[in-house]
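The structure under discussion appears below in the form of structure tokens.
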Amino acid sequence: MKKLQGIPAAAAAGNLPNNKNSSSCSSYLMSPPPLLHEEIGSATFAHDVAVLELERLFFREDKHHLQLCGPYTPSHSTGFSRRPVRVAYQGVRGSYCQEAALKAFSSISNIESFAACNTMEDAFQALEDKSAQRAIVPVENSIDGTIDRNLDLLLRHDEVAIVGELILPVNHCLLAVPGTSKSQLKRIVSHPQALSHCKSKLHQLGLETLDLEVDEVQNSADAARFVSENRIYDTAVIGSRMAAKEFNLQILEQNLQDDSNGNFNRFLQLGLREGCCSSLHVQEEDEEEQIMMMRRKRRNGSANKYFGGGRKKKKKMTTVAFSLEKGVSDLFRALGIFERENIMVTRVEQRPNRSNPVKMVVAEKKSGNHHPHHRYLFDYVFILDLELDVSLGNHDDDDDDEWLLQCSLNHCKLKTALSLLEEISGFIRVLGSYTCGGLIY
């Protein structure tokens, strides 16, 4: 059974640097032991659950048995001047993750296909078995917080690294078969998270007064496809604009989300480490390549052309995971390392350390007690996002040396901080180093 359902490229996609480094990794970049995890079932089982769930909602004894259509058949693009690239994304056609994948690779011309993965695990596996060169996975929502499952997968799959990020606004839409009016509706279905995001707005629109059934489904994009293919006129789905486009549905209402400050998803772009045991090597190559290129351009007088007559201020994000030798009591010391090096910590997450769930900590001896006091604490893996400037605000010939110096200093600061963190860590691994992504509408 195929794990990936191919989607032909509707947009162009990204340059894929082939970062290779034969040097050995230092001890603080070694990966932890593989993490044991529960089996989440096959993709077939997950698909069957979704189908049965939808049939439960829509099946009537006086109707024929309703079926979801089979996988989408890919049509492979040709004529790319560079090596064709396949992009995997977690989700199905019509999902927010598909929208993120298309936008992340919208400006490059060598995309062969976009491939939908039934589970988050499948997206990581697609990279490792080289059936895809890039993967897009959701990692955080501005209302519901972090998607812990994908953080666990990043820790488990040590050959996969973060190579980019993307932030997209969420636009929950009320979708129905073309020609359907709100007064015809008898049912609204969506994922539980989407329903919770839109409860107040549905009430304001007066939809709750119509005595509608509101049902939860495992996947709103699958529900949108089901409603479209079976022409179910009395049912609306809360889903994305991408789902409306993919399945030819009418948008009855847009921006159904309740939060007036907006609702945003953050996605990570993932790639294979290509033989490097540490993604710090990726950052070293990237920073050093920029500096060497700048020097070459200066020698032939084309620096201004290279930077387009100016250089915008950019941020470099490095995501690092580590455990603490003495447990959570050392977290303050760990964060202090980055404060002393003027490295901004923009995000702190923690996950259970499945390879060492409980840690024994020896406390200080109490007066009159000659025996050490032992405490047992749950052990955690901490995940930090570290932010550094990689360029100056404006460019002219006079600040070239300053820019080169700043890049080198920031690079040294990070290496110094990681070396100091090693001294108090049980393990440490850089999960990726990449340019901070902006908000895309």
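Note that full-length UniProt numbering has the sequence shown beginning at 1, numbered continuously upward.
Think of the CB as a built atom: it goes at the ideal place given N, C-alpha and C, for glycine as much as any other residue.
These numbers come from a predicted model, not from an experiment.
**Asked** Would DSSP call Leu256 helix, strand or coil?
**Response** Of the three classes helix, strand and coil, the one that applies to Leu256 here is coil, per DSSP.
**Item:** Interface flag, Cys173 vs chain B, CB-CB below 8 Å
**Value:** Given the protein chain composition of this structure (a single chain), no chain B is represented.
**Message:** In whole angstroms, give me the CA-to-CA distance for Thr346 and Ala417.
**Reply:** The alpha-carbon atoms of Thr346 and Ala417 are separated by roughly 16 Å.
**Asked** Which same chain residues, not among the five before or five after Ala100, have their C-beta less than 6 Å away from its C-beta?
**Response** Counting only Cβ-Cβ distances below 6 Å, and skipping sequence neighbours, we find Ile136, Leu166, Leu168, Phe267.
**Asked** Which residue's Cα is closest to the Cα of Arg86: Leu102, Ser355, Leu175?
**Response** Considering only Leu102, Ser355, Leu175, the residue with the shortest C-alpha distance to Arg86 is Leu102.
**Prompt:** Per DSSP, Gly271 forms a beta bridge with which residues?
**Reply:** Gly271 pairs with Ala161.
**Asked** Mapping DSSP to helix, strand and coil, what is Glu112?
**Response** The answer is strand: DSSP assigns Glu112 an E or B state.
**Asked** Closest by CA to Ile238, which one among Cys173, Ile343, Glu341, Arg375?
**Response** Nearest to Ile238 by C-alpha distance, out of Cys173, Ile343, Glu341, Arg375, is Cys173.
**Prompt:** In whole angstroms, what separates the C-alpha of Pro352 from that of Asn141?
**Reply:** So the two alpha carbons sit approximately 21 Å from each other.
**Delimiting residues of the alpha helix (DSSP H) encompassing Lys103** = Segment 96 to 104, the alpha helix (DSSP H) holding Lys103.
**Request:** Rounded to whole angstroms, what's the CA-CA distance from Ser419 to Lys201? Just pull it up for me.
**Result:** Looking at the two C-alpha atoms, the distance is approximately 51 Å.
**Item:** 6 Å CB neighbourhood of Asp330 in its chain, flanking five on each side removed
**Value:** Correct list, in chain order: Leu324, Ile424.
**Message:** Please state the DSSP three-state secondary structure of Arg149.
**Reply:** The DSSP-derived three-state label of Arg149 is helix.
**Request:** Give the secondary structure of Thr235 by DSSP, where H, G and I count as helix, E and B as strand, and everything else as coil.
**Result:** Three-state result, Thr235: strand.
**Request:** Please classify residue 451: is it buried, with 16 or more other beta-carbons within 10 angstroms of its beta-carbon, or exposed?
**Result:** Residue 451 lies beyond the range of the chain shown here (1 to 441); nothing can be said about it.
**Request:** Could you check if Asn110 is buried or exposed, using at least 16 other CB atoms within 10 Å of its CB as the buried criterion?
**Result:** By the C-beta density criterion, Asn110 is buried, having at least 16 other C-beta atoms within 10 angstroms.
**Item:** Own chain partners of Phe338 with C-beta closer than 7 Å, once the 5 adjacent residues on each side are dropped
**Value:** In chain order, Val345, Leu386, Ala417 place their CB closer than 7 Å to the CB of Phe338, counting only its own chain and leaving out the 5 sequence neighbours on each side.
**Request:** Have a look at Cys97 and Asn265 and give me their C-alpha separation to the nearest angstrom.
**Result:** Answer to the nearest angstrom: the Cα atoms are 9 Å apart.
**Request:** Look at the alpha carbon of Gly271 and the alpha carbon of Ser240, and state the distance between them as a whole number of angstroms.
**Result:** Taking the straight line joining both Cα atoms gives about 26 Å.
**Prompt:** Which one of Met360, Gln269, Leu421, Asp129 has the shortest CA to CA distance from Gly336?
**Reply:** The shortest Cα separation from Gly336 among Met360, Gln269, Leu421, Asp129 belongs to Leu421.
**For Asp389, three-class secondary structure by DSSP** = It is a strand residue.
**Message:** Need the endpoints of the beta strand (DSSP E) that Arg225 sits in, please.
**Reply:** Not the beta strand (DSSP E): Arg225 falls in the alpha helix (DSSP H), residues 220 to 229.
**Request:** Give the single residue among Ser107, Tyr89, Gln269, Ser106 whose Cα lies nearest to the Cα of Phe114.
**Result:** It is Tyr89.
**Asked** Expressed to the nearest angstrom, what Euclidean distance is found between the alpha-carbon atoms of Ala221 and Gln184?
**Response** If I take the Cα positions, the gap works out to 21 Å.
**Prompt:** Which class does His374 belong to by DSSP, given the choice of helix, strand or coil?
**Reply:** Of the three classes helix, strand and coil, the one that applies to His374 here is strand, per DSSP.
**Prompt:** What residues in its chain sit with their C-beta under 8 Å from that of Ser228, if we drop five residues either side in the sequence?
**Reply:** Val177, Phe247, Asn248, Leu249.
**Asked** Among Pro192, His197, Gln125, Lys130, which residue has its Cα nearest to the Cα of Ser260?
**Response** Each of Pro192, His197, Gln125, Lys130 was checked against the Cα of Ser260, and the nearest Cα belongs to His197.
**Request:** Would you mind working out which of Ile188, Ala224, Ile143 sits nearest Val214, comparing C-alpha positions?
**Result:** With distances taken between Cα atoms, Val214 lies closest to Ile188.
**Asked** What are the start and end residues of the alpha helix (DSSP H) that includes Lys130?
**Response** For Lys130, no alpha helix (DSSP H) run applies, since DSSP gives it neither H nor E.
**Prompt:** Roughly how many whole angstroms lie between the Cα atoms of Lys359 and Leu256?
**Reply:** When rounded, the distance between both Cα atoms is 46 Å.
**Request:** Alpha carbon to alpha carbon, how far is His373 from Ile143? Give it in angstroms, no decimals.
**Result:** Approximately 42 Å between the Cα atoms of the pair.
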